[in-house]
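Q: If you want this note's numbering, it's the 1-based position in the sequence shown plus 11. By construction, the Cβ of each residue, glycine as well, lies at the ideal position given by its N, Cα and C atoms.
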Amino acid sequence: MEKYKILKKYFGYDTFRYGQEELIDGILSGQDVLGIMPTGAGKSICYQVPALMMPGITIVISPLISLMKDQVRALNEAGVHAAYINSSLTEGQIEKAMYLAGQGRYKLIYVAPERLLSELFMDFLSRVQISMVTVDEAHCISQWGQDFRPSYLNIVHMIQRMQTRPVVSAFTATATEEVKNDIQCVLGLQNPRVLVTGFDRENLYFEVQSGQQKDTKILQYIKEHEKESGIVYCATRKNVEAVYELLLREGIQATRYHAGLSSEERKRNQDQFIFDEKPVMVATNAFGMGIDKSNVRYVIHYNMPQSMENYYQEAGRAGRDGGRSECILFYSPQDVRINQFLLEEKEFREELDQEEMQAVKERDALRLKLMTFYGTTRDCLRGYILNYFGEKTKRRCENCSNCLHEYQEEDVTEICQDILRCIWEARRGYGAGTIASTLHGSKSEKIRGYGLDRLKTYGCREDVTEFRLKEIISELVARKVLRSTDDKYATLGLTAEAEPILKGERKMVMKFSKPAQKKAAAPKKGKPVSQDLDSKGWKLFERLRELRLQIAKEEKVPPYIVFTDKTLVDMCVKRPKDKEEMMKVSGVGDAKYEKYGEKFLDCLKG
Ligand code: ADP
Numbered sequence: 012m013e014k015y016k017i018l019k020k021y022f023g024y025d026t027f028r029y030g031q032e033e034l035i036d037g038i039l040s041g042q043d044v045l046g047i048m049p050t051g052a053g054k055s056i057c058y059q060v061p062a063l064m065m066p067g068i069t070i071v072i073s074p075l076i077s078l079m080k081d082q083v084r085a086l087n088e089a090g091v092h093a094a095y096i097n098s099s100l101t102e103g104q105i106e107k108a109m110y111l112a113g114q115g116r117y118k119l120i121y122v123a124p125e126r127l128l129s130e131l132f133m134d135f136l137s138r139v140q141i142s143m144v145t146v147d148e149a150h151c152i153s154q155w156g157q158d159f160r161p162s163y164l165n166i167v168h169m170i171q172r173m174q175t176r177p178v179v180s181a182f183t184a185t186a187t188e189e190v191k192n193d194i195q196c197v198l199g200l201q202n203p204r205v206l207v208t209g210f211d212r213e214n215l216y217f218e219v220q221s222g223q224q225k226d227t228k229i230l231q232y233i234k235e236h237e238k239e240s241g242i243v244y245c246a247t248r249k250n251v252e253a254v255y256e257l258l259l260r261e262g263i264q265a266t267r268y269h270a271g272l273s274s275e276e277r278k279r280n281q282d283q284f285i286f287d288e289k290p291v292m293v294a295t296n297a298f299g300m301g302i303d304k305s306n307v308r309y310v311i312h313y314n315m316p317q318s319m320e321n322y323y324q325e326a327g328r329a330g331r332d333g334g335r336s337e338c339i340l341f342y343s344p345q346d347v348r349i350n351q352f353l354l355e356e357k358e359f360r361e362e363l364d365q366e367e368m369q370a371v372k373e374r375d376a377l378r379l380k381l382m383t384f385y386g387t388t389r390d391c392l393r394g395y396i397l398n399y400f401g402e403k404t405k406r407r408c409e410n411c412s413n414c415l416h417e418y419q420e421e422d423v424t425e426i427c428q429d430i431l432r433c434i435w436e437a438r439r440g441y442g443a444g445t446i447a448s449t450l451h452g453s454k455s456e457k458i459r460g461y462g463l464d465r466l467k468t469y470g471c472r473e474d475v476t477e478f479r480l481k482e483i484i485s486e487l488v489a490r491k492v493l494r495s496t497d498d499k500y501a502t503l504g505l506t507a508e509a510e511p512i513l514k515g516e517r518k519m520v521m522k523f524s525k526p527a528q529k530k531a532a533a534p535k536k537g538k539p540v541s542q543d544l545d546s547k548g549w550k551l552f553e554r555l556r557e558l559r560l561q562i563a564k565e566e567k568v569p570p571y572i573v574f575t576d577k578t579l580v581d582m583c584v585k586r587p588k589d590k591e592e593m594m595k596v597s598g599v600g601d602a603k604y605e606k607y608g609e610k611f612l613d614c615l616k617g
């Protein structure tokens, strides 16, 4: 069967998304491939479609049990025989799965990397035809990546031991050059077709808000988005508990997730979220890996994460279905310090020597600094993210809070000169807060204790608030006029860039928020989701959702595995009356129609 027919029959889609076809064609022509695509771009289809077209079995290596389960469930729902082998099965169950696989029962087998070199598995490989080895989350093979898994190196040994080398396909959402090269070299990809799609997620709106009164702001936001599903990420368990309690007190259906809960409770809470029983999840970053929930409409960061990699990965869990979604970061300077502390406490893998450990520490500190700049920049947020991942961008996206925010420009050259003089005069390095207090003329113990009240610049900027002085200082750091140490003290020093400013040869113009700023209206980008339906459509959508939930409970699968929100919305728009029309809805394939088609047709009539 050709690839378009497979796409429609099993997955219910009519066209491939950008990049998918190229990778599929590469695989089918026998070439190794490396697909680097952002979350939600549709990487799975890139190997699942060719897996169904090749004569033998495809082995998929995946790092997480939950991810494997989800994929296998979704495939089986779509009418594809697939299985997984990992530590959640008993030895007896594994033997049975291997036996059935040997009989040719499965086209795709998902395997945990730890299992690959087991005798049972190697023996199985020698008996059957393996057409392809697919490495999901391929960045786990890179020592430079954040998620290095030594067991991923087993993949290389496994491939070497196979009698005939299968096609190798690798996929990841991590784009840095180092990781990309590592994947190619370590995995030993042969003359691979490498496809890097843009990292932009057009349907996501990005916003940074100041962390002042964030509890009130979050409450208001969640209440305004009552029917929608969202995640609130916090840095610590304590924060998770506090935000969770806050939401419960206000009657919001929320659940929570962090490493301090028992594994039963974590599982229960995760399921409640995935099954749409509790629309809001409050969690630490322990939550989310391997969660494919497609209708997350917002991701709020109550605290700033440690790196842009983390931020984009976590925020990227919004809008996997391509529908419009919002990613909001609350930025507070305290979060920088909390993260510095967490990084200091970070445990290292034993095999690292002193020098490597130092390199990792420096890299972590740099990542945190660049994350902090995201919180303070006045430039386009999307542009900042994409530049960080090495992509060039247009000047403004008009779909982030900075592009939509009104700023006024001000010439602050003289204030900058005073700041630079003060840092110069103070000699010993101080942090931004101390320098701002000194310039503003604070009478605090601390300033007097340090003798800073005797400086010439002491109190010379009584006319500017400390808040504004700190804003200017952080912009000077971002513009590399000032240097800030990476330790928790973040002490300031001048760079060579300071000289022309002090000499009056270079002007400093900066952007500041206009007072009485209105909240920027969320723009309309990305494909519509339920909120775009009219009131009749909305009622219908709710009915379809109920039916879906009922089926999901009966079948014990998450609702989005039955049909995604996008498919339900497409049903509300197309209002199919018979099988032929229903088959035109995006996401309705043969197997799903057979199972659920009539029930949904009845519901649409009723
Ligand atoms: P990734 O692994 O890249 O994060 P997934 O493979 O989970 O993304 O796909 C994300 C969503 O996009 C899924 O709901 C999937 O069914 C959908 N999808 C993938 N390919 C297509 C396509 N060609 N047309 C429509 N939807 C698609």
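With DSSP as the reference, label Lys610 as helix, strand or coil.
A: Taking the first residue of the sequence shown as position 1, residue 610 is located at position 599. Of the three classes helix, strand and coil, the one that applies to Lys610 here is helix, per DSSP.
Q: Could you pull the start and end residues of the beta strand (DSSP E) that His312 belongs to?
A: As a first step, residue 312 is located in the sequence shown; it is residue number 301 there, counting from the start. First-last of the beta strand (DSSP E) with His312: 307-312.
Q: Return the Cβ separation of Asn250 and Arg335 in integer angstroms, given the expectation that the two are a contact with Cβ distance under 8 Å.
A: Within the sequence shown, numbered from 1, the residue matching residue 250 stands at position 239. Within the sequence shown, numbered from 1, the residue matching residue 335 stands at position 324. Wrong, their Cβ atoms sit about 28 Å apart, outside the cutoff.
Q: Rounded to a whole number of angstroms, what is the C-alpha to C-alpha distance between Asn314 and Ser343?
A: Numbered from 1 along the sequence shown, position 303 holds the residue referred to as residue 314. Numbered from 1 along the sequence shown, position 332 holds the residue referred to as residue 343. Inter-residue distance for Asn314 and Ser343 is about 8 Å (C-alpha atoms, whole angstroms).
Q: Taking only the alpha-carbon atoms, compute the straight-line gap between Ala532 and Gln224 and give it to the nearest angstrom.
A: Counting from 1 along the sequence shown, the entry for residue 532 is found at position 521. Counting from 1 along the sequence shown, the entry for residue 224 is found at position 213. With a pLDDT of 46 at Ala532, under the threshold of 50, the modelled position of that residue is not reliable, and the figure given next carries that caveat. Ala532 and Gln224: Cα-Cα distance of roughly 20 Å.
Q: Quick check on the DSSP output: the beta strand (DSSP E) that includes Glu553 runs from which residue to which?
A: As a position in the sequence shown, residue 553 is number 542, starting the count at 1. Run containing Glu553: none in the beta strand (DSSP E); it sits in the alpha helix (DSSP H), 546-566.
Q: Are three or more beta carbon pairs between the stretch 435-449 and the stretch 491-508 nearer than 8 Å?
A: yes
Q: If Ile96 and Arg126 are in contact, beta carbons under 8 Å, what's the gap, nearest whole angstrom?
A: Numbered from its first residue, the sequence shown carries residue 96 at position 85. Numbered from its first residue, the sequence shown carries residue 126 at position 115. At roughly 6 Å, the Cβ-Cβ gap stays under 8 Å, so Ile96 and Arg126 are in contact.
Q: Apart from the five residues on each side of it in sequence, which residues of its chain come closer than 8 Å, Cβ to Cβ, to Glu373?
A: Within the sequence shown, numbered from 1, the residue matching residue 373 stands at position 362. Exclusion of the five residues before and after Glu373 leaves Asp497 as the residues of its chain whose Cβ lies within less than 8 Å of its Cβ.
Q: Under a three-way DSSP split, which group does Tyr24 fall into?
A: Against the sequence shown, residue 24 aligns to sequence position 13. Shown here, Tyr24 sits in coil according to DSSP, grouped into three states, outside any helix or strand.
Q: How about Met582 and Val568: do their beta carbons lie closer than 8 Å?
A: Taking the first residue of the sequence shown as position 1, residue 582 is located at position 571. Taking the first residue of the sequence shown as position 1, residue 568 is located at position 557. No. Outside cutoff.
Q: Only counting the same chain, and skipping five residues up and downstream in sequence, which positions put a Cβ closer than 6 Å to that of Leu206?
A: Numbered from its first residue, the sequence shown carries residue 206 at position 195. Closer than 6 Å at the Cβ level, and outside the excluded window around Leu206, lie Gly30, Glu33, Leu34, Gly46.
Q: Would Asn398 be called buried (16 or more neighbouring beta carbons within 10 Å of its own) or exposed?
A: Taking the sequence shown and counting its residues from 1, one reaches residue 398 at position 387. Exposed, because fewer than 16 other Cβ atoms sit within 10 Å of the Cβ of Asn398.
Q: Report the three-state DSSP secondary structure of Ser240 (helix, strand or coil).
A: Along the sequence shown, one-based indexing puts residue 240 at 229. The answer is strand: DSSP assigns Ser240 an E or B state.
Q: Would DSSP call Ala533 helix, strand or coil?
A: Taking the sequence shown and counting its residues from 1, the one referred to as residue 533 is at position 522. Here the model assigns Ala533 a pLDDT of 46, short of 50, so the residue's position is not dependable, and the following value carries that caveat. For Ala533, the three-state secondary structure derived from DSSP is coil.
Q: What's the gap between the Cα of Ala93 and the Cα of Tyr15?
A: What you label residue 93 is simply residue 82 of the sequence shown in a count that begins at 1. What you label residue 15 is simply residue 4 of the sequence shown in a count that begins at 1. Taking the straight line from one Cα to the other gives about 21 Å.
Q: Under 7 Å from any heavy atom of the ligand ADP, does the C-beta of Lys54 make it?
A: As a first step, residue 54 must be located in the sequence shown, where it is residue number 43. Flag set: Cβ of Lys54 near the ligand ADP.
Q: Assuming Leu487 and Arg472 make a contact with CB atoms under 8 Å, what is their CB distance in whole Å?
A: Counting from one through the sequence shown, the residue named residue 487 turns up at place 476. Counting from one through the sequence shown, the residue named residue 472 turns up at place 461. Contact doesn't hold; Cβ gap of about 14 Å is too wide.
Q: Taking Cβ to Cβ, would you say Met519 is nearer than 8 Å to Cys427?
A: Within the sequence shown, the letter at position 508 stands for residue 519. Within the sequence shown, the letter at position 416 stands for residue 427. The answer is yes: Cβ separation under 8 Å.
Q: So what does DSSP say about Glu13, is it helix, strand or coil?
A: Within the sequence shown, numbered from 1, the residue matching residue 13 stands at position 2. Coil.
Q: Contact check, Lys491 vs Glu516 under 8 Å by CB: the rounded distance?
A: Residue mapping note: residue 491 aligns to position 480 of the sequence shown, counting from 1. Residue mapping note: residue 516 aligns to position 505 of the sequence shown, counting from 1. Not quite, the Cβ-Cβ distance comes to about 17 Å (not below 8 Å), so this is no contact.
Q: CB Ile68 to CB Ile152, shorter than 8 Å?
A: Residue numbering aside, residue 68 sits at position 57 when the sequence shown is read from its first letter. Residue numbering aside, residue 152 sits at position 141 when the sequence shown is read from its first letter. Cβ atoms of Ile68 and Ile152: not closer than 8 Å.
Q: Given that a residue counts as buried once 16 or more other Cβ atoms are within 10 Å of its Cβ, and exposed if not, what is Gln171?
A: Residue numbering aside, residue 171 sits at position 160 when the sequence shown is read from its first letter. Taking all protein chains in view, the Cβ of Gln171 is surrounded by fewer than 16 other Cβ atoms within 10 Å, so the residue is classified as exposed.
Q: Name the residue from Glu553, Leu18, Gly90 whose alpha carbon lies nearest to the alpha carbon of Lys603.
A: Taking the sequence shown and counting its residues from 1, one reaches residue 603 at position 592. Selected option, being the one with the closest Cα: Gly90.
Q: Classify Val291 as helix, strand or coil using the three-state DSSP reduction.
A: In the sequence shown, the residue the question calls residue 291 occupies position 280. In the structure shown, Val291 sits in a strand (DSSP, three-state: E or B).
Q: First and last residue of the beta strand (DSSP E) that includes Glu421?
A: Your numbering for residue 421 matches position 410 in the sequence shown. 418-422 is the extent of the beta strand (DSSP E) around Glu421.
Q: Check each candidate in Ala246, Ile396, Ile512, Val584 and name the one with the smallest Cα separation from Thr424.
A: As a first step, residue 424 must be located in the sequence shown, where it is residue number 413. Nearest option by C-alpha distance: Ile512.
Q: Would you mind stating whether Lys481 and Ala437 have Cβ atoms separated by less than 8 Å?
A: Taking the sequence shown and counting its residues from 1, one reaches residue 481 at position 470. Taking the sequence shown and counting its residues from 1, one reaches residue 437 at position 426. No.
Q: Going by DSSP in three states, Leu100 sits in which element: helix, strand or coil?
A: Residue numbering aside, residue 100 sits at position 89 when the sequence shown is read from its first letter. Three-state DSSP puts Leu100 in coil, outside helix and strand.
Q: Can you give, in chain order, each stretch of the beta strand (DSSP E) that sits fully within the stretch 155-200 and has at least 3 residues?
A: Scanning the stretch 155-200 from its first residue to its last, the whole beta strand (DSSP E) runs of 3-plus residues come out as 178-183.
Q: Any chance the CB of Gln324 is under 7 Å from a heavy atom of the ligand ADP?
A: Your numbering for residue 324 matches position 313 in the sequence shown. No, the ligand ADP has no heavy atom inside 7 Å of this Cβ.
Q: Verify whether the separation of the beta carbon atoms of Gly386 and Leu415 is less than 8 Å.
A: By one-based count along the sequence shown, residue 386 stands at place 375. By one-based count along the sequence shown, residue 415 stands at place 404. The answer is no: Cβ separation not under 8 Å.
Q: Quick one: does the C-beta of Asp43 sit closer than 7 Å to a heavy atom of the ligand ADP?
A: Residue mapping note: residue 43 aligns to position 32 of the sequence shown, counting from 1. Look at Asp43: its beta carbon is at least 7 Å from all of the heavy atoms in the ligand ADP.
Q: Does the beta-carbon of His168 have 16 or more other beta-carbons within 10 angstroms, so that it is buried, or is it exposed?
A: The count along the sequence shown starts at 1 and reaches residue 168 at position 157. Burial call: exposed.
Q: For Tyr418 versus Ser524, is the C-beta spacing smaller than 8 Å?
A: As a first step, residue 418 must be located in the sequence shown, where it is residue number 407. As a first step, residue 524 must be located in the sequence shown, where it is residue number 513. Yes.
Q: Kindly examine the ligand ADP and report whether one of its heavy atoms sits closer than 7 Å to the Cβ of Asp375.
A: Looking up residue 375 in the sequence shown gives position 364. Every heavy atom of the ligand ADP is 7 Å or more from the Cβ of Asp375, so no.
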